[in-house]
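*Asks:* Input: one structure, supplied below.
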Amino acid sequence: MQNFEIASKIRELRDRISELREEEEILALKIENKFNEMEAVKKRRDELNDKVRELSRKPKDILQKRKEMWENIENMTSEKKNLFREMQPYLRRIGELRKLRDSYNEASRGTLERLKENLKETEKNLLKDDLSLKNELYLYNYLFELRDRLLVKARADAVHREIVRIKEEELSRFNKILSEFDTGIDDLKSNSHEGLMTAKEMWARRDEIREKAQKEHQAFIDGMKIVSDLKKKRWKIKREMTALYRQIDEWKKEFKKSPKERMSSDRDRKLKEALIKYKKGDKLSLEELSILVESGKMQ
126 MQNFEIASKI RELRDRISEL REEEEILALK IENKFNEMEA VKKRRDELND
176 KVRELSRKPK DILQKRKEMW ENIENMTSEK KNLFREMQPY LRRIGELRKL
226 RDSYNEASRG TLERLKENLK ETEKNLLKDD LSLKNELYLY NYLFELRDRL
276 LVKARADAVH REIVRIKEEE LSRFNKILSE FDTGIDDLKS NSHEGLMTAK
326 EMWARRDEIR EKAQKEHQAF IDGMKIVSDL KKKRWKIKRE MTALYRQIDE
376 WKKEFKKSPK ERMSSDRDRK LKEALIKYKK GDKLSLEELS ILVESGKMQ
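If you're matching positions, the sequence shown starts at 126 in my numbering and goes up one per residue.
Written out as structure tokens, the structure is:
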């Protein structure tokens, strides 16, 4: 092979290297841009996952507090039952006194004011001069009856006052505590319900954000696969460039060889190229076929 042919080969190789270098630079820029894009996607995904973790933790805290609330409700309910048990003797006593008061009221047959008016009117009638013996006896009997009924009514009123006293002095302290328990239980139930609603809202929000995070994660995976594919193409180009540089070095060595050495190198190179085509099953030229036959490498 003549020097000008070798120089032509080297120029062709260098032109190809320039093309490959341009492709490699474009790929490098694409890789950098895509990688930066994926870094932004990764950041968004991580921020979303942080929110998911936060929205998973907060409902747990709320549910723990809700559990504590219901434990307090159970304790307060238990204390209410204990108070009711302590109140039972007073309530039974009130029940007994009510029955006694009602029996007295039934026997007195009238209010205290009405009985007093009847008594006063009867006493006034007894002072009249024109009473017959029969009427006088009737009025005296009625007078004694009214006095008895007044005594019974006084007992009824005394029993009623005792009922009021028990309620005001004994049961009032229980009622105050019970009212405080009822208010506390209602507040705890309301707070518990609000906590549950808040937790449900957080769960719904968490699931919504988790879905977004999963989409970002899939976008990150897809994007990094693109980066990986681009890197493979870039390394393939670099390997090809390295191989071309080696070929240039080989052609440069040809300049230093004698004509006889160049002929031997040409034959070896053609044999190598023919073998590659033969193994691939590509069509061979007559020269390539002849070289293979002479080399004895055809099988």
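Note that the Cβ used here is the ideal one computed from N, Cα and C, for glycine as well. A quick note: this is a predicted structure, and the numbers were derived from the prediction, not measured.
Spatial neighbours of K176 within its chain, please: CB distance less than 6 Å, with the 5 preceding and 5 following residues excluded, ordered by chain position.
*Replies:* Sequence index remark: in the sequence shown, residue 176 carries index 51 (1-based). Around K176: I334.
*Asks:* Can you check which of these residues, R136, I151, I288, is closest to K358 by C-alpha distance?
*Replies:* The count along the sequence shown starts at 1 and reaches residue 358 at position 233. Sorting R136, I151, I288 by C-alpha distance to the C-alpha of K358 places I151 at the top.
*Asks:* Quick check on the burial criterion: 16 or more other C-beta atoms within 10 angstroms. Buried or exposed for V166?
*Replies:* The sequence position of residue 166 within the sequence shown is 41, counting from 1. Answer is buried; the Cβ neighbour count reaches 16.
*Asks:* Please report the Cβ distance between Y215 and E295, rounded to the nearest whole angstrom; I am assuming they are in contact, meaning their Cβ atoms lie under 8 Å.
*Replies:* Taking the sequence shown and counting its residues from 1, the one referred to as residue 215 is at position 90. Taking the sequence shown and counting its residues from 1, the one referred to as residue 295 is at position 170. The pair is a contact, with the Cβ atoms about 5 Å apart (cut-off 8 Å).
*Asks:* In angstroms, rounded to a whole number, what distance separates the CA positions of A399 and R169?
*Replies:* Your numbering for residue 399 matches position 274 in the sequence shown. Your numbering for residue 169 matches position 44 in the sequence shown. Rounded to whole angstroms, A399 to R169 spans 56 Å at the Cα level.
*Asks:* Enumerate in chain order the residues of its own chain whose CB-to-CB distance from A281 is below 7 Å, with the five nearest sequence positions on each side excluded.
*Replies:* For the purposes of this step, residue 281 is taken as residue 156 along the sequence shown, with counting starting at 1. In the same chain as A281, and ignoring 5 residues on each side of it, the C-beta atoms closer than 7 Å to its own belong to R226, Y229, N230, S233, in chain order.
*Asks:* Might you give, ordered along the chain, the residues of its own chain that have their beta carbon closer than 7 Å to the beta carbon of K363, omitting 5 neighbours on each side?
*Replies:* Counting from 1 along the sequence shown, the entry for residue 363 is found at position 238. Same-chain partners within the cutoff: E149.
*Asks:* For M327 and K183, which I take to be in contact (beta-carbon distance under 8 Å), what is that distance rounded to the nearest angstrom?
*Replies:* Indexing the sequence shown from 1 puts residue 327 at position 202. Indexing the sequence shown from 1 puts residue 183 at position 58. 6 Å between Cβ atoms; contact.
*Asks:* Smallest Cα separation from L219: which of S297, I291, D186?
*Replies:* Working through the sequence shown from its first residue, we reach residue 219 at position 94. Strictly speaking, residue 219 in this sequence is Ile, with Leu absent from that position. It is I291 whose Cα lies nearest to the Cα of I219.
*Asks:* Take G320 and list the residues in its own chain whose beta-carbon comes closer than 8 Å to its own, dropping the five residues that flank it on each side.
*Replies:* Position 195 of the sequence shown, counting from 1, holds the residue named residue 320. Closer than 8 Å at the Cβ level, and outside the excluded window around G320, lie I187, L188, K190, R191, M194.
*Asks:* Which residue's Cα is closest to the Cα of N158: I310, K404, G348?
*Replies:* What you label residue 158 is simply residue 33 of the sequence shown in a count that begins at 1. It is G348 whose Cα lies nearest to the Cα of N158.
*Asks:* On the three-state DSSP scale, how would you describe L409?
*Replies:* Stepping through the sequence shown from its first residue, residue 409 is reached at position 284. L409: coil per DSSP, three-state reduction.
*Asks:* With distances taken from CA atoms, which of S353, Q372, E242 is nearest L138?
*Replies:* Along the sequence shown, one-based indexing puts residue 138 at 13. Of the candidates S353, Q372, E242, the one whose C-alpha sits nearest the C-alpha of L138 is Q372.
*Asks:* DSSP on T236, reduced to helix/strand/coil?
*Replies:* Here the question's residue 236 lines up with position 111 in the sequence shown. The answer is coil: DSSP assigns T236 none of H, G, I, E or B.
*Asks:* Which residue wins for smallest C-alpha separation from E144, given the options E130, D312, L369, E238?
*Replies:* Here residue 144 corresponds to residue number 19 of the sequence shown, with the count starting at 1. Closest by C-alpha distance to E144, out of E130, D312, L369, E238, is L369.
*Asks:* Can you grab the Cα-Cα spacing for the pair A324 / R331, in whole Å?
*Replies:* As a working mapping, residue 324 is identified with position 199 in the sequence shown. As a working mapping, residue 331 is identified with position 206 in the sequence shown. Computed Cα separation, rounded: 10 Å.
*Asks:* Who are the Cβ neighbours of M163 in its own chain at under 7 Å, not counting the five residues just before and after it?
*Replies:* Within the sequence shown, residue 163 is the residue found at index 38, counting from 1. Cβ neighbours of M163 within its own chain (closer than 7 Å, five residues either side excluded): F345, G348, M349, V352.
*Asks:* So what does DSSP say about D255, is it helix, strand or coil?
*Replies:* For the purposes of this step, residue 255 is taken as the residue at position 130 of the sequence shown. Reduced to three states, the DSSP call for D255 is coil.
*Asks:* Have a look at F269 and F209 and give me their C-alpha separation to the nearest angstrom.
*Replies:* If you number the sequence shown from 1, residue 269 lands on position 144. If you number the sequence shown from 1, residue 209 lands on position 84. F269 and F209 have their alpha carbons spaced roughly 46 Å apart.
*Asks:* For Q213 and S315, I'd like the C-alpha separation in whole angstroms.
*Replies:* Here residue 213 is taken as the residue at index 88 of the sequence shown, counted from 1. Here residue 315 is taken as the residue at index 190 of the sequence shown, counted from 1. The straight-line gap from Cα to Cα measures roughly 30 Å.
*Asks:* Do L244 and R272 have their C-beta atoms closer together than 8 Å?
*Replies:* As a working note, residue 244 is residue 119 in the sequence shown. As a working note, residue 272 is residue 147 in the sequence shown. Yes, the pair counts as a contact, with Cβ atoms nearer than the cut-off.
*Asks:* In whole angstroms, what separates the C-alpha of I416 from that of K395?
*Replies:* The count along the sequence shown starts at 1 and reaches residue 416 at position 291. The count along the sequence shown starts at 1 and reaches residue 395 at position 270. When rounded, the distance between both Cα atoms is 8 Å.
*Asks:* Is it the case that the Cβ atoms of L313 and N197 are separated by a distance below 8 Å?
*Replies:* Taking the first residue of the sequence shown as 1, we reach residue 313 at position 188. Taking the first residue of the sequence shown as 1, we reach residue 197 at position 72. For L313 and N197, yes; Cβs fall inside 8 Å.
*Asks:* Taking the alpha carbon of E204 as the point to measure from, which residue in N300, I135, G406, T236 has its own alpha carbon closest?
*Replies:* Here residue 204 refers to the residue found at position 79 of the sequence shown. Of the candidates N300, I135, G406, T236, the one whose C-alpha sits nearest the C-alpha of E204 is N300.
*Asks:* Could you check the C-alpha separation between V289 and R239 for me, to the nearest Å?
*Replies:* Taking the sequence shown and counting its residues from 1, one reaches residue 289 at position 164. Taking the sequence shown and counting its residues from 1, one reaches residue 239 at position 114. In a straight line, the C-alpha of V289 is about 23 Å away from that of R239.
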